[in-house]
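Numbering (our numbering), first residue to last: 3 to 216.
Working notes for the structure below.
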């Protein structure tokens, strides 16, 4: 029960931040229309990851015995999702915080997306998530999500000239710098994943550690 309540809290936090940001994006004046706004919304790694957290943790909390519930509760999947939302927090705090100052409801959504949900997700992983069976060989596949995201965003940028983040903006900083930024983030995430796997051997498994990984 404690695990499902904690999973629910994380899911609600992620859904609240992502939902509020969507509402603010759709509010008038909205020059992009519904379709353009939705496409732009999902071009941000922050929002994609928070939606992923909401789905993963929500399914684990509401239907843990279902196929998706069991999948999102697997140690490797849970660790990967935690890693992605940590990247959201770290990139924002160290690379984006000084170049954008939100106000009002946008400031609230921003704080939830970049700080509240990442801290809650990390706490969930540290304290109660299953960590049995985590291996260093699992880390490279975890990098597929950010790598595919970067490839799609840069392809869209080439077609439309629109880049969600300055450090990926090929038009402004060039291909070399953009690819170096992508490589640096993926390598840093891989290193952080290795640290998580090693640390997992000394951390509590909590209620979810009762059954073996599959």
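Beta carbons are placed, not taken as given, at the ideal position from N, Cα and C, and that holds for glycine.
Task: Nearest residue (CA-CA) to residue 202, options 167, 78 and 17 - done: The residue given as residue 202 occupies position 200 in the chain shown. Nearest option by C-alpha distance: 78.
Task: Whole-angstrom distance between residue 94 and residue 151, CA atom to CA atom - done: Along the chain shown, one-based indexing puts residue 151 at 149. Along the chain shown, one-based indexing puts residue 94 at 92. So the alpha carbons of these two residues sit roughly 17 Å apart.
Open item on the list: Measuring alpha carbon to alpha carbon, tell me which residue in 49, 56, 183 and 198 is nearest residue 132.
Closed with: Residue 132 sits at position 130 when you count from the first residue of the chain shown. The candidate whose alpha carbon is nearest that of residue 132 is 198.
Open item on the list: What does the Cβ neighbour count give for residue 210, buried or exposed, with the cut at 16 atoms within 10 Å?
Closed with: Counting from one through the chain shown, the residue named residue 210 turns up at place 208. Low local confidence applies: a pLDDT of 44 at residue 210 is under 50, so the model's placement there is unreliable, with the coordinate-based value given in what follows. Buried, since its Cβ has 16 or more Cβ neighbours within 10 Å.
TODO: Identify whether residue 112 lies in helix, strand or coil by the three-state DSSP scheme.
DONE: On the chain shown, position 110 is the one that residue 112 refers to. If DSSP states are grouped into helix, strand and coil, residue 112 belongs with the helices.
- [ ] Specify the secondary structure class of residue 102 as computed by DSSP and reduced to three states.
- [x] As a working note, residue 102 is residue 100 in the chain shown. Residue 102: coil per DSSP, three-state reduction.
TODO: Check whether the segment 149-169 touches the segment 44-57, taking contact to mean three or more Cβ pairs, one atom from each stretch, closer than 8 Å.
DONE: As far as the Cβ criterion goes, the segment 149-169 touches the segment 44-57, which means the pair count is three or higher.
- [ ] Spatial neighbours of residue 91 within its chain, please: CB distance less than 8 Å, with the 5 preceding and 5 following residues excluded, ordered by chain position.
- [x] As a first step, residue 91 is located in the chain shown; it is residue number 89 there, counting from the start. Excluding sequence neighbours, residue 91 sits near 116, 117, 120 and 121.
Open item on the list: Please report the straight-line C-alpha distance between residue 84 and residue 126, rounded to a whole angstrom.
Closed with: To locate residue 84, count along the chain shown from 1; it is residue 82. To locate residue 126, count along the chain shown from 1; it is residue 124. Straight-line Cα distance between these residues: approximately 9 Å.
- [ ] Can you have a look at residue 176 and say buried or exposed, based on whether 16 or more other CB atoms are within 10 angstroms of its CB?
- [x] Within the chain shown, numbered from 1, the residue matching residue 176 stands at position 174. Classification of residue 176: exposed, given that the 10 Å Cβ count is below 16.
Task: Test item: CB-CB of residue 111 and residue 38 under 8 Å - done: Residue 111 sits at position 109 when you count from the first residue of the chain shown. Residue 38 sits at position 36 when you count from the first residue of the chain shown. Going by C-beta atoms, residue 111 is not nearer than 8 Å to residue 38.
Task: Whole runs of the alpha helix (DSSP H) within the segment 58-92, excluding any shorter than 4 residues - done: Taking 4 residues as the shortest admissible run, the segment 58-92 contains the following complete alpha helix (DSSP H) segments, listed from N- to C-terminal end: 69-75.
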